[in-house]
Every structure is written in C-alpha cells, then in structure tokens.
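Some notes on the structure that comes next.
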Amino acid sequence: MSQNTQTTISQPQHPLLTTLNPASATPLPTPATSPTPPPQSAPPVPSILGLDALFNNPVFAGGIGLAGLGAAAAFGRRALISGAALLRRQLLVNIEISKRDPSYNWVLAWLAQPRDNSGFLAQRLTRLRNLSVATSTRSLSPRGIEEAGTGGGKIHADFRVQPGFGRHIVRHAPGVYIAVNREKAGTATTATGEPHETLTLTLLWAHRHVLADVFTQAHALAQSFQQGKTIVYTARKMEWAVLGKPRLKRPLGSVILDEGVKERLVDDVREFLRAQQWYTDRGVPYRRGYLLYGPPGTGKTSFIQALAGELDYNVAMINLSEVGMTDDLLAQLLTQLPEKSILLLEDVDAALVNRRQRDPDGYSGRTVTASGLLNALDGLAAGEDRIAFLTTNHIDRLDPALIRPGRVDMMVRIGEATRYQAAQMWDRYYGDIDKDHSGRERFLRRLDELGLFGGNDQNPDVPKRHTSTAAIQGLFQFNKGDMEGAIKMAEGLIPRTFEPEQPASEGTIKAPA
C-alpha cells in the first residue's frame with residue numbers, strides 16, 4: 001500500500017478508572033444485572049389427620065381459644081370454691097343438733113329470747129324474716145268458776161316466737177354473732193310421720209368457747225320453764241316422748257298411806273340415791289326395784305308421782321300391753337331411759353297374760369313375754385342408774401322369778417283405808433274448819449258403825465267391809481267445806497256389787513237411765 005494507514009485502536013478503560021476520572025474517559029455502559037431468584041422451599045408434606053387445615057381454619061382456632069378460656073374459668077372457680085371451703089374449715093366451727101336430742105327445744109327457746117341488737121350493723125344482720133310460733137295456754141281463773149258473759153274462765157296464752165326454717169344470724173354478745181340454720185329433712189323418721197329437723201349453729205373458731213355459754217343458758221332456761229313441774233314420758237315406738245304438758249308437782253303430803261309406809265319407802269329411795277359410789281366400788285349394778293301391790297284405788301300410782309316430785313325426778317311409763325311392744329323394744333327403751341326418771345310399769349300381772357285367741361281384727365295377743373320382762377329388768381340388756389316401780393292388783397298372779405331380789409328389792413302392800421288414813425285425810429280437807437277435831441271423831445265413829453275398817457269390835461253383826469282412800473277422797477271432794485254433809489254421806493263408802501242386768505222381756509222399750 002502506497003499510503004501509510006494509521007489505525008487507532010481504542011482500548012476500553014476499567015470502570016473504576018472511569019469513575020475516578022470521568023473527564024478523561026467516556027464511561028461505557030455497564031451490563032444490566034438480573035435479580036437473584038428466591039430460594040425454592042420444599043413442597044409441604046400432607047398431614048395424615050388433616051390438622052393443618054383445621055388449625056388454619058379461623059373458626060376452629062377461635063373455638064379452641066374459647067374452650068381454653070372456659071377451662072381456665074372453671075379451674076379458677078373450682079380453686080376459689082376449694083379455697084373458700086378450706087378457709088371456712090379453718091376459721092369457722094359448726095355444731096349440729098338433731099330434733100331427737102333434748103337440747104333441740106332448749107336451744108330454740110333460747111334463740112327466742114329478746115336480745116340487745118343496738119347498732120347499725122347488728123340491726124340489719126339480725127333481722128329474722130322466717131319465724132315460727134309455739135303456743136302454750138293456762139287457765140287464769142279457778143276451775144269450775146265461770147265469769148259472767150264469758151261462758152268460762154279466762155285462758156292465758158303464751159306465744160313464743162322462734163326462728164323458723166332457713167338461715168338466721170343472732171347476736172350473742174358485742175362482736176360475737178352466731179349463724180343459725182334450721183332445716184327440715186325430706187323423710188320422716190318418727191311413727192307420727194313428722195319430718196326430722198336439725199339445727200346448725202355456726203360461729204368463728206375464735207369464739208368457740210361461746211358454745212358452752214349457749215348450752216348452759218339454754219339448759220337453765222329450760223329448767224326455769226319446768227320449775228315445780230313433773231314431766232311424764234311415754235314410749236313411742238323406738239324412742240321416748242313427752243306425754244302432754246308437764247304436770248305440777250304433787251306434794252308428798254297429799255298422798256296418805258298407812259302409818260310409816262310412806263316414810264319407809266322415801267327413806268329407802270333416798271338411801272339408794274346416796275349410795276351410788278358404794279355400788280360402784282363393789283361392782284354391783286346400780287339399780288333398785290320396788291313392787292307396790294294391793295287393791296285398786298289405794299294410792300300406788302299417786303305415791304309414785306308424788307315421790308318423783310319430792311326427788312325432783314320425772315316419770316317414764318311403759319305400757320306393756322301396747323300392740324307392737326316386743327321384748328327387744330322393751331330392752332332398748334330401758335337402756336335409753338331419760339335422765340333422772342323413775343320407771344313405772346303398771347299392772348304387770350295383766351300385761352303378762354298372753355291371749356292366744358285371735359280377735360276379728362287379726363290381733364293375736366301381746367308380744368312381751370315374761371322372760372323378756374325378766375331380762376329387761378335384770379339381764380345383760382338391763383340398764384343402770386335406774387329406779388323402777390312395778391304395780392299390781394294381784395300379786396298372786398306374778399311369776400316368782402319376777403319378784404325375786406335383784407329385780408324387786410322391796411315389796412310393799414298398799415292396802416285398804418285404815419283409821420289412821422281416814423283421820424289424816426279428814427284433817428287435810430277439813431282441818432281449817434274442824435278446829436277441835438270433833439267432826440273427825442264423829443266421822444271415824446260413823447265408819448266404825450258401817451264396818452269399813454274391817455268390822456266392828458263392839459258389834460259382831462256388822463259385816464267386815466273395807467273402803468279405799470280414793471273413795472274417801474271422792475266423798476270429801478263432793479262435800480268441799482261441808483263436813484256435816486260428808487258424815488251424812490259416809491254410807492256411800494260401802495263397796496257396791498254390780499250384778500249383770502237381766503235381759504229385757506219381749507215387747508219392752510229401753511229408756512236411757
């Protein structure tokens with residue numbers, strides 16, 4: 001080639017240099033960089049139970065949350081109840097009183113007493129809204145005296161308002177409150193169908209000593225209600241029950257027995273009561289039995305009632321002739337005899353007559369046997385700390401095993417009225433008007449003439465007769481304050497013999513007597 005060709009080769013510069021010296025070189029376009037793709041995750045493994053779909057379901061997830069909250073609330077409630085019960089056991093004390101317990105009525109009467117509930121808090125806590133009432137009545141005017149326009153004597157009624165069924169709060173002392181819960185059971189446990197009742201007292205553990213004061217005051221209150229009275233218990237199926245209202249104590253002097261008989265019995269009973277330690281030291285069962293026998297109307301039962309009043313005891317009667325009375329039931333009743341009570345078994349001769357014939361109503365006789373009575377009085381089932389009185393009109397009908405020592409320790413005959421008894425009864429009824437005893441001598445002479453003291457020594461022709469103290473008492477009560485009338489009517493003391501009436505002849509008309 002003729003011409004020299006000059007070729008210029010442009011070498012690319014390094015981008016860093018271009019950046020450092022931008023004026024000296026023209027920057028070349030930088031190649032475009034593609035974005036880095038995200039890493040690929042492993043494909044999900046399908047669940048066998050399909051739980052992932054359930055947990056991803058918002059409805060299901062919300063249900064689990066609600067269930068968890070409910071479980072937590074239930075657990076918290078249970079913990080709160082358990083904690084409250086634990087706190088209650090630690091801070092409170094409860095005492096339950098059954099209606100079968102004698103203290104049930106005592107505490108109810110104590111709760112009915114008025115209390116000082118002054119103060120804002122006490123007035124609102126101790127308001128009784130459920131009440132019950134127990135009513136007792138008594139006559140204010142002498143019996144037999146009727147007031148004009150009333151048709152009878154005045155009757156005084158006592159209404160005792162006491163807490164009814166439900167929960168109550170009683171203020172015992174300043175700062176001491178007692179919660180009372182009186183409940184009635186749904187089932188009846190007595191023969192009368194009366195529902196069983198319980199009374200629960202609740203107070204702070206720090207005030208537990210108050211319970212002794214409550215029962216002491218309740219017992220003292222019950223004793224004040226029964227002051228001067230004798231309670232008579234009777235057997236009602238498996239338990240003892242009070243028979244009617246408490247009776248006024250009968251003075252021992254109102255029962256006139258033959259000379260020395262009453263004093264001998266009273267002295268023996270008192271000696272027995274003083275000798276309890278003597279019986280214990282010698283291992284002898286502490287019980288004593290008495291048998292009073294004699295004709296009816298001579299004062300056997302009256303003496304027992306008066307003796308109970310003299311000793312401040314009650315009387316517990318058992319009717320051995322009652323239908324349903326068995327040997328086992330008799331033994332159980334004697335082991336549960338009420339405290340400070342005299343056991344009375346009347347007419348034991350008639351009770352042990354076992355009637356084998358069957359009546360039209362299906363009744364086949366009494367179920368208490370002679371052996372059952374013997375074991376109940378002096379056997380393995382016999383109780384201790386007991387005074388038992390047996391009465392009979394026919395001692396010859398009793399089994400000799402019944403009246404042996406150990407079962408009957410003392411037998412006393414209460415016989416017909418004697419001259420001594422007639423004189424004592426006259427002085428008791430007419431002593432205030434017969435100052436010089438002339439009326440008494442005329443009355444006794446009249447009874448001698450009638451042979452009512454077993455004959456007349458001066459006149460052998462007079463029949464030998466006897467009368468009872470009950471008949472003499474009835475004569476005096478009929479002639480109250482009229483001793484002349486009693487002397488004139490003394491002939492009425494002669495015992496009467498009633499013959500069976502002859503059958504009426506055909507065609508006659510029966511008229512009332």
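The sequence shown: position 307 = 307 (UniProt numbering), numbered continuously.
C-beta atoms are modelled at their ideal positions from N, C-alpha and C, and glycine is treated no differently.
Identity of the residue in the options nearest residue i by Cα
i: G166; options: R445, R77, T198; result: T198
i: Y233; options: N319, H172, V133; result: N319
i: Q223; options: T497, P102, T391, R89; result: P102
i: V412; options: V284, G485, I304, D436; result: I304
i: V315; options: W240, L380, G253; result: W240
i: H168; options: G119, E449, N181, G324; result: N181
i: G481; options: K488, E384, D432; result: D432
i: R404; options: I155, E449, D378; result: D378
i: F225; options: E259, K245, M325, A212; result: K245
i: T469; options: A185, R428, R129; result: R428
i: A306; options: G299, D268, L252; result: L252
i: N105; options: P163, G119, L66; result: P163
i: G297; options: H219, G309, T392, Q276; result: T392
i: R171; options: L128, P295, T135; result: L128
i: K340; options: D385, D347, E322, S118; result: D385
i: E271; options: L257, Y286, L345; result: Y286
i: H209; options: Y177, R100, R496; result: Y177
i: E346; options: M317, T369, S371; result: M317
i: I97; options: P295, K184, H437, L80; result: K184
i: A235; options: A206, A212, M325, T200; result: M325
i: L390; options: T301, V323, R419, G415; result: T301
i: L444; options: P58, R77, D461, W426; result: W426
i: Q424; options: S254, P295, G76, L334; result: S254
i: L334; options: Y430, K237, V107; result: K237
For residue i, the three-state DSSP class (helix, strand or coil)
i: D158; result: strand
i: N319; result: coil
i: Q291; result: The amino acid at residue 291 is misidentified as Gln; the sequence shows Leu. DSSP places L291 in strand when its eight states are reduced to three.
i: L428; result: According to the sequence displayed, residue 428 carries Arg and not Leu. Here R428 sits in helix by DSSP.
i: I494; result: coil
i: T298; result: coil
i: N375; result: helix
i: A388; result: strand
i: E147; result: The predicted model places E147 with a pLDDT of 48, which falls under 50 and marks its position as unreliable; any figure quoted below should be read in that light. If DSSP states are grouped into helix, strand and coil, E147 belongs with coil.
i: I433; result: coil
i: S118; result: coil
i: I342; result: strand
i: H14; result: For H14, the predicted structure reports a pLDDT of 45, less than 50, and the residue's modelled location is therefore unreliable. The matter cannot be settled from this model.
i: Q357; result: With a pLDDT of only 43 at Q357, under the threshold of 50, the placement of this residue in the model should not be trusted; the figure read from the coordinates follows. If DSSP states are grouped into helix, strand and coil, Q357 belongs with coil.
i: R89; result: helix
i: R78; result: helix
i: A422; result: helix
i: T7; result: In this prediction, T7 scores a pLDDT of 42, lower than 50, which makes its location untrustworthy; the coordinate-derived value is nonetheless stated afterwards. The answer is coil: DSSP assigns T7 none of H, G, I, E or B.
i: R404; result: coil
i: A382; result: coil
i: L273; result: helix
i: T26; result: Unreliable placement is indicated for T26, whose pLDDT of 48 sits below 50; the coordinate value is still reported in the next sentence. DSSP places T26 in coil when its eight states are reduced to three.
i: H466; result: strand
i: R442; result: helix
i: R127; result: coil
Residues that DSSP places opposite residue i in a beta bridge
i: K184; result: E197
i: F165; result: Answer is none; F165 lacks a bridge partner.
i: K229; result: L248
i: residue 514; result: As displayed, the chain neither begins before 1 nor continues past 513, which places residue 514 out of reach and without an answer.
i: V133; result: V161
i: T202; result: N94, A179
Residue i, enclosing alpha helix (DSSP H) - first and last residue
i: L333; result: 327-335
i: V214; result: 210-225
i: W106; result: 103-111
i: R413; result: Note, R413: premise wrong, no alpha helix (DSSP H); beta strand (DSSP E) at 410-413.
i: L452; result: Per DSSP, L452 belongs to no alpha helix (DSSP H) and is neither H nor E.
i: A417; result: Neither: A417 is in no alpha helix (DSSP H) and is coded neither H nor E.
i: Q277; result: 276-281
i: I472; result: 469-478
Any chain B beta carbon closer than 7 Å to residue i
i: L199; result: The question asks about chain B, but that chain is absent: this structure has only one protein chain.
Span of the beta strand (DSSP E), counted from its first residue to its last, around residue i
i: L92; result: 92-98
i: V255; result: Looking at the DSSP string, V255 is not in any beta strand (DSSP E), and its letter there is neither H nor E.
i: residue 515; result: Residue 515 lies beyond the range of the chain shown here (1 to 513); nothing can be said about it.
i: I487; result: Looking at the DSSP string, I487 is not in any beta strand (DSSP E); the run it does join, the alpha helix (DSSP H), is 483-488.
message: Check whether the region 281-296 and the region 407-427 touch, using three or more Cβ-Cβ pairs below 8 Å as the test.
response: Note that the region 281-296 touches the region 407-427; at least 3 beta-carbon pairs, one per stretch, sit closer than 8 Å.
- prompt: Can at least three beta-carbon pairs, one atom from the region 366-377 and one from the region 266-281, be found at a separation below 8 Å?
  reply: Touching, no, given that fewer than three Cβ pairs across the two stretches are closer than 8 Å.
Inter-stretch contact (C-beta, 8 Å, three-pair minimum) for the region 450-469 and the region 486-498: yes
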